[in-house]
Every structure is written in C-alpha cells, then in structure tokens.
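**Student:** Counting in the numbering used here, the final residue of the sequence shown is number 351, and the numbers go up one at a time with none missing.
Glycine is no exception: its CB is placed at the ideal position from the N, C-alpha and C atoms.
Quick one: structure below, then a few questions.
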Amino acid sequence: MDHFTIHQLKLFGTVVEAGNITKAAERLHMTQPAASIQLKKLQQNIGTDLYYMNGKNLTLTDAGKEFYRVFLSVRDRLEAFEATLTDLKSGLRGKLSITAASTAKYVMPYLLGEFKDKYPEVDIALKITNRFEVIHQITQMDYNLAILSQVPHNTDLESTPFLRNPLVFACHPSHPLSGKQNINLRTLRDEVFIIREEGSGTRIVMEELLSKSDIHPRIGMELGTNEAVKHAIMAGIGISLVSELSLKSDLELGKISLLDVESLPVITYWNAIYKKSRRVHPLTEHFLSFLEQRKEFSTEPIP
Ligand code: PGA
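Below you can see the structure in the form of structure tokens.
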C-alpha cells in the first residue's frame, strides 16, 4: 500500500492527540500550512475524509477512527523496534554462538548459565567439539567466539584468558603412587599413559611436559574426550594429565586420585578467542566484558 507515508501517518496521529492542526504542527516542528497540505494530500490519496472540523473541534470519521488505530499499532511496533535495536547495538540481545574444545564443557555451561540469567534476551548456542574443529570453525565460520586453552599460532586471532585451567596427573585410587608426596616426574617414566586425540590442547601440554623430562610414554590408549580418559583411568588402564576442573565429583566420590607430582599442576588458562579481522560483534564484546568482570572466578574452581 503506497497511499501514505509514515510521516503523514504520524502527523495524523499527532493531530488527533493534540486536538487540532496548529498544536500538532508545533509538536512536529512544522508550519501549520505545511501540516494542512500534508493532511489534504493524505486524505486525497486515501480517497476519503478522515476527520471534519466541528467549529474548533476535530471529529474523526469512521475511516479516521480506523486510521488512528493503525497509527497506534505502528507507533507501538516502532517503539518496540527501537528498544530492540538499542539492545542489539549494546549486545543485550541476539544470538551468541560459541565453539569450544571438549574439555571446556566443564566450565562453559556454568558461565553461560550465569550470563543467560543476567541477559535472558540473548540466545546462546554452544558447540562442543575437538580442538581442530574449533579452530576451523572460528577461522572459517560464523561463530562469535572460540574457547580454547592452547591458543593456536594464528595472527588473525585475538585471545583473552579468563579462567585458570590447572592440569594434574590423575590415577586410579589403588595406584601405588597415590598418596605419595612430591613425586619426581621422571618416576612416571614406566607408567602406562592414556592420551587424548591428536590436536587436543591437553595432549599438547602432556607431550611437552613428558618430553622435557625425556620421558617417552608407553601409550595404553588414545581417547577422543576428557570424559573417556577419566573412565579409562577409573578402569585402571593408566594415568593421564587432565583438567582438574573436570575431576571435582570423581575426587569427592573417591573414583579417581591425584598424583602429587613436583611442579604440578601445570597452570594453563581458558581463553576466549575471536577473529581480529572482523568487527567485534556487540554481543561478543558484551560477553567478553562479562568474562572480564568474572575474573575473580579465574582463581577458583567451578562450583
Ligand atoms: P582439549 O582442550 O582439546 O584438550 O579438550 C582444549 C585446549 O586445551 O585448547
């Protein structure tokens, strides 16, 4: 329908609310003759009168009453749109999509749950996958953020650490070294190790650590997730370096023990990673500042 413009609709609605053309023109910073011309054009285009003057009083015709209802609903919709737009621009609404390495599943749902409580209008999608896939997704696809502890050497990526991720050696509770203090790393050279899949950040750290001590590990099993590694430890297959944040309930239930190895835990950090070359989305910025404010969290394990 191209019989009228939004401006004419607004003028008409303002005339009805002001009660006469002069006051409406003032409110809209128009001259009275300009307002009258627009109202005349509007009624010509619509093809019927919308009001008539009864002395100084403006009376709406049936078409005028209906058109005023149109004005009210358009005004409501536009006001709602403006509010939405403000939220979108400030990052308080929209879809936040995050791709995270598998071990991040022990931390991200807690943080995102807290964020969602504060900002219920934000839709959140969290993809948990292996590290290679995470790097592919943040560099090639449309994700706001990636969560990794081992940041890839890619100059197009910006990263900001937000949470400690201590890595510890975990073993079956009946392991002979369980309960011993200050174990020298080289003592572990005859152990059977469980390792994560190629590309895993935890695996990278474990391999570096063992190689520094000149340990060439005997591999009992290679597994694709931290959860699978924990079950292999519980099954007594071997020991492994794992994120301490993932062990809380297993330690409490006595299903897994820690090895008190000298100079451990290895302190790594969870990082929020985004592409430098893309303008940072307001929602991404908003989530990053939420993480920044939660930094006290960084020294504490997840509840
Ligand atoms: P993960 O952790 O790949 O061992 O699950 C990710 C990382 O440390 O970057």
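Can you say whether L331 is buried or exposed, counting buried as having 16 or more other CB atoms within 10 angstroms of its CB?
**Tutor:** Looking at its Cβ environment, which holds 16 or more other Cβ atoms inside 10 Å, L331 is buried.
**Student:** Would you list the one or two residues that DSSP bridges to D171?
**Tutor:** Per DSSP, K143.
**Student:** Leaving out the 5 sequence neighbours to the left and right, which residues in its chain are closer than 8 Å to P157 when beta-carbon positions are compared?
**Tutor:** L174, listed in sequence order.
**Student:** Taking the CB atoms as reference points, tell me whether L215 and T250 lie closer together than 8 Å.
**Tutor:** Yes.
**Student:** Nearer than 7 Å: is that true of the beta carbon of N202 relative to any heavy atom of the ligand PGA?
**Tutor:** Not under cutoff, so the answer is no.
**Student:** Below 8 Å CB to CB, which residues in the same chain sit around L295 once its five sequence neighbours on both sides are set aside?
**Tutor:** Closer than 8 Å at Cβ, skipping near neighbours: V216, A218, K278, I304 and L306.
**Student:** Below 7 Å, is the gap between the Cβ of L76 and the nearest heavy atom of the ligand PGA?
**Tutor:** False, no ligand heavy atom lies under 7 Å from that Cβ.
**Student:** Measuring CB to CB, does F119 end up less than 8 Å from L76?
**Tutor:** In this structure, L76 does not lie closer than 8 Å to F119 by Cβ.
**Student:** Counting pairs of Cβ atoms below 8 Å between the stretch 106 to 126 and the stretch 90 to 98, do you hit three or more?
**Tutor:** Verdict: yes, contact present.
**Student:** Taking 7 Å as the cut-off, is the CB of T151 close to at least one heavy atom of the ligand FAD?
**Tutor:** By its list of ligands, the structure shown excludes the ligand FAD, since it contains just the ligand PGA.
**Student:** What did DSSP end up calling G268 once you bin it into helix, strand or coil?
**Tutor:** Looking at G268 - three-state DSSP - the assignment turns out to be strand.
**Student:** I want to check one thing, is the minimum distance from the CB of T250 to the heavy atoms of the ligand PGA below 7 Å?
**Tutor:** T250 Cβ: within cutoff of the ligand PGA.
**Student:** Reducing DSSP to helix, strand and coil, say where M78 ends up.
**Tutor:** In this structure, M78 counts as coil in the three-state DSSP scheme.
**Student:** Buried or exposed, going by whether 16 or more other CB atoms sit within 10 Å of the CB of K104?
**Tutor:** Per the 10 Å Cβ criterion, exposed.
**Student:** Can you pull the DSSP bridge partners for R244?
**Tutor:** Bridge partners of R244: L271.
**Student:** What are the uninterrupted segments assigned as alpha helix (DSSP H) that are 4 or more residues long and contained completely in the stretch 292 to 350, given in chain order?
**Tutor:** DSSP runs (the alpha helix (DSSP H)) wholly in the stretch 292 to 350: 296 to 300 and 330 to 341.
**Student:** Compare the C-alpha of K324 against each of E169, Y317 and E333 and name the closest.
**Tutor:** Nearest option by C-alpha distance: E333.
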